[in-house]
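Each remark here refers to the structure printed beneath this line.
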Amino acid sequence: MSASTTAPRLRLDPRHPGVSATGTAAVVVLLGVLLEIGGRARWWDVVPPISTMFQRVGELLGEAQFWSDASRTGLEVAVSLVLGAVLGLLAGITFWKLPAVGRAFEPYLVALYAVPLALFYPFMIVLVGINVWSVIILATLMAAIPMALNTGVGLSTMRPVYTKLGRSLNLSPRQMLWAVALPAAGPFIVAGLRMALVYALIGCVAMEFVTAQAGLGYRIRYLYEIFDDNGMYAYIVVVLLISVALTVLLGLVERLILRGRITR
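Here the working numbering is used: position 26 in the sequence shown is 91, and no number is missing along the way.
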């Protein structure tokens with residue numbers, strides 16, 4: 066008597082981090098191969114081969130000018146991210162505590178979210194002058210908006226059982242906020258922080274394009290004006306690598322927070 070057996074099929078979960086990382090890496094590799102082949106074969110004259118870009122990046126790492134620009138942009142992004150995250154978190158908590166205020170301000174925040182804040186740069190120059198603070202203030206606003214919106218959504222959609230549990234334990238309003246509300250809205254807050262980081266980086270680099278005497282954005286514009294294509298693309302690659310590295314780092318932080326919430 067024989068029994069037929071079928072081997073179980075191996076199914077990949079598309080939500081698994083390894084599957085997502087593999088797919089992303091495959092897309093990046095294919096794009097890099099296309100840029101390399103296209104640049105070598107002269108399919109276009111605008112973008113050099115990817116190997117030339119990375120060779121120039123390696124040369125930049127030994128130049129003092131590059132580290133000066135990178136430190137300037139890094140300082141602007143760090144200050145903008147911290148200020149934007151704090152302001153956005155406080156605004157989101159305010160919208161949760163005072164729903165009428167949240168409903169009044171939410172349409173304006175959404176509208177500002179869709180408008181390039183670089184339009185307000187001339188106004189900011191009049192207020193604070195042509196200096197690093199004009200860049201930081203606008204980048205802070207760009208970072209604060211997604212942080213505020215995500216924090217407000219996370220707190221307002223918190224399960225009522227959490228607040229009931231806090232009241233049954235006679236928690237104070239401060240304890241309710243820090244021990245119950247913010248941990249419950251953790252995924253939304255971390256997602257808002259990821260978006261705040263991206264917008265802080267975009268804001269700082271974009272503002273440096275407009276008027277600045279240092280920074281990665283200024284250097285890209287300067288190299289474009291003197292027709293140094295290899296140097297310009299090398300700086301662009303550096304900005305992309307920084308953005309990807311920071312996004313991946315915050316993604317790992319978000320995964321750790323979610324894992325901690327599940328195992329508690």
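Idealized CB from N, CA, C, for every residue including glycine.
**Request:** Can you tell me the Cβ-Cβ gap for leucine 253 and glycine 280, rounded? I've got them flagged as a contact below 8 Å.
**Result:** Along the sequence shown, read from residue 1 onward, the residue named residue 253 stands at position 188. Along the sequence shown, read from residue 1 onward, the residue named residue 280 stands at position 215. The question names leucine, yet the displayed sequence has phenylalanine at residue 253. The Cβ separation is near 31 Å, so there is no contact.
**Asked** Going straight from the alpha carbon of serine 133 to that of valine 304, what length do you get?
**Response** Residue mapping note: residue 133 aligns to position 68 of the sequence shown, counting from 1. Residue mapping note: residue 304 aligns to position 239 of the sequence shown, counting from 1. Roughly 14 Å between the two C-alpha positions.
**Asked** Which residues in the same chain have their Cβ closer than 7 Å to the Cβ of leucine 174, if we skip the five residues on either side of it in sequence?
**Response** Numbered from 1 along the sequence shown, position 109 holds the residue referred to as residue 174. Ile210, Ala213, Leu214.
**Message:** Does threonine 216 pass the burial test, meaning 16 or more other C-beta atoms within 10 Å, or should it be called exposed?
**Reply:** Locating residue 216 in the sequence shown gives position 151, counting from the first residue. It is buried - the Cβ of threonine 216 has at least 16 other Cβ atoms within 10 Å.
**Asked** Applying the criterion that 16 or more other CB atoms from any shown protein chain within 10 Å of the CB defines a buried residue, is valine 330 buried or exposed?
**Response** Any answer about residue 330 is impossible in this case: the structure gives the chain only from 66 up to 329.
**Request:** Throw me the rounded Cβ distance for the valine 200 and methionine 297 pair, which I believe falls under 8 Å.
**Result:** What you label residue 200 is simply residue 135 of the sequence shown in a count that begins at 1. What you label residue 297 is simply residue 232 of the sequence shown in a count that begins at 1. In this structure valine 200 does not touch methionine 297 by the C-beta definition: roughly 20 Å separates them, more than the 8 Å allowed.
**For methionine 207 and tyrosine 264, believed in contact at Cβ under 8 Å, the rounded distance** = Numbered from its first residue, the sequence shown carries residue 264 at position 199. Numbered from its first residue, the sequence shown carries residue 207 at position 142. That pair is a contact at about 4 Å.
**Prompt:** Cβ of threonine 87 within 7 Å of Cβ of isoleucine 195?
**Reply:** Within the sequence shown, the letter at position 22 stands for residue 87. Within the sequence shown, the letter at position 130 stands for residue 195. Not a contact, by the Cβ cut-off of 7 Å.
**Prompt:** Straight-line CA distance for isoleucine 190 to glycine 282?
**Reply:** Taking the first residue of the sequence shown as position 1, residue 190 is located at position 125. Taking the first residue of the sequence shown as position 1, residue 282 is located at position 217. Computed Cα separation, rounded: 18 Å.
**Request:** Decide if glutamate 141 is buried, meaning its Cβ has at least 16 other Cβ atoms within 10 Å, or exposed.
**Result:** Residue 141 sits at position 76 when you count from the first residue of the sequence shown. Classification for glutamate 141: buried.
**Anticipated Cβ contact below 8 Å, glycine 104 with proline 113, distance rounded** = Within the sequence shown, the letter at position 39 stands for residue 104. Within the sequence shown, the letter at position 48 stands for residue 113. Sure, about 5 Å apart at Cβ, within 8 Å.
**Asked** arginine 52: which of Leu203, Thr205, Ser237, Ala249 sits nearest, CA to CA?
**Response** With the chain running from 66 to 329 in the structure shown, residue 52 is simply not present.
**Message:** Could you tell me which whole beta strand (DSSP E) segments of length 3 or greater appear in the segment 252 to 281?
**Reply:** none
**Request:** Find the nearest neighbour of phenylalanine 292 within the set Ile115, Leu100, Val111, judged by alpha-carbon distance.
**Result:** Sequence index remark: in the sequence shown, residue 292 carries index 227 (1-based). If we check each option's Cα against that of phenylalanine 292, Val111 comes out closest.
**Asked** Is the beta carbon of arginine 121 sitting closer than 7 Å to the one on asparagine 295?
**Response** Taking the sequence shown and counting its residues from 1, one reaches residue 121 at position 56. Taking the sequence shown and counting its residues from 1, one reaches residue 295 at position 230. In this structure, asparagine 295 lies closer than 7 Å to arginine 121 by Cβ.
**Simplified DSSP assignment, three categories, for phenylalanine 185** = Numbered from its first residue, the sequence shown carries residue 185 at position 120. Three-state DSSP puts phenylalanine 185 in a helix.
**Asked** Whole-angstrom Cβ separation of phenylalanine 160 and valine 166, contact assumed at under 8 Å?
**Response** In the sequence shown, residue 160 corresponds to position 95, counting from 1. In the sequence shown, residue 166 corresponds to position 101, counting from 1. Confirmed, about 6 Å.
**Prompt:** Could you check where the alpha helix (DSSP H) with asparagine 196 kicks off and where it finishes?
**Reply:** The count along the sequence shown starts at 1 and reaches residue 196 at position 131. Run containing asparagine 196: none; DSSP gives neither H nor E here.
**Prompt:** Which residues bound the alpha helix (DSSP H) around methionine 118?
**Reply:** Residue numbering aside, residue 118 sits at position 53 when the sequence shown is read from its first letter. Looking at the DSSP string, the run of the alpha helix (DSSP H) that includes methionine 118 is 115 to 125.
**Message:** In whole angstroms, give me the CA-to-CA distance for asparagine 235 and leucine 242.
**Reply:** Translated into the one-based positions of the sequence shown, residue 235 becomes position 170. Translated into the one-based positions of the sequence shown, residue 242 becomes position 177. Taking the straight line joining both Cα atoms gives about 13 Å.
**Prompt:** For phenylalanine 185, which residues from the same chain have a beta carbon less than 7 Å from its beta carbon, with the 5 sequence-adjacent residues on both sides left out?
**Reply:** In the sequence shown, counting from the first residue as 1, residue 185 sits at position 120. The answer, listed in chain order, is Leu203.
**Request:** Kindly indicate which three-state DSSP category leucine 294 falls into: helix, strand or coil?
**Result:** As a first step, residue 294 is located in the sequence shown; it is residue number 229 there, counting from the start. In the sequence as displayed, the identity of residue 294 is aspartate instead of leucine. Looking at aspartate 294 - three-state DSSP - the assignment turns out to be helix.
**As assigned by DSSP and simplified to three states, the class of isoleucine 327** = Numbered from its first residue, the sequence shown carries residue 327 at position 262. Its pLDDT being 44, under 50, isoleucine 327 is placed unreliably by the model, and the measurement read from it follows with that caveat. Reduced to three states, the DSSP call for isoleucine 327 is helix.
**Prompt:** Can you give the Cα-Cα distance for leucine 288 and phenylalanine 274, rounded to whole angstroms?
**Reply:** Locating residue 288 in the sequence shown gives position 223, counting from the first residue. Locating residue 274 in the sequence shown gives position 209, counting from the first residue. When rounded, the distance between both Cα atoms is 11 Å.
**Prompt:** Could you give the distance in angstroms between the alpha-carbon of leucine 321 and the alpha-carbon of glycine 251?
**Reply:** Locating residue 321 in the sequence shown gives position 256, where the first residue counts as 1. Locating residue 251 in the sequence shown gives position 186, where the first residue counts as 1. Spanning the two alpha carbons is a distance of roughly 11 Å.
**Residues near leucine 258 in its chain [Cβ-Cβ closer than 7 Å; skip 5 each side]** = Taking the sequence shown and counting its residues from 1, the one referred to as residue 258 is at position 193. Around leucine 258: Ala150, Met212, Leu315.
**asparagine 235 (DSSP reduced to helix, strand or coil)** = On the sequence shown, position 170 is the one that residue 235 refers to. Asparagine 235: coil per DSSP, three-state reduction.
**N-terminal and C-terminal residue of the alpha helix (DSSP H) that leucine 163 is part of** = Here residue 163 corresponds to residue number 98 of the sequence shown, with the count starting at 1. Note, leucine 163: premise wrong, no alpha helix (DSSP H); not H, not E.
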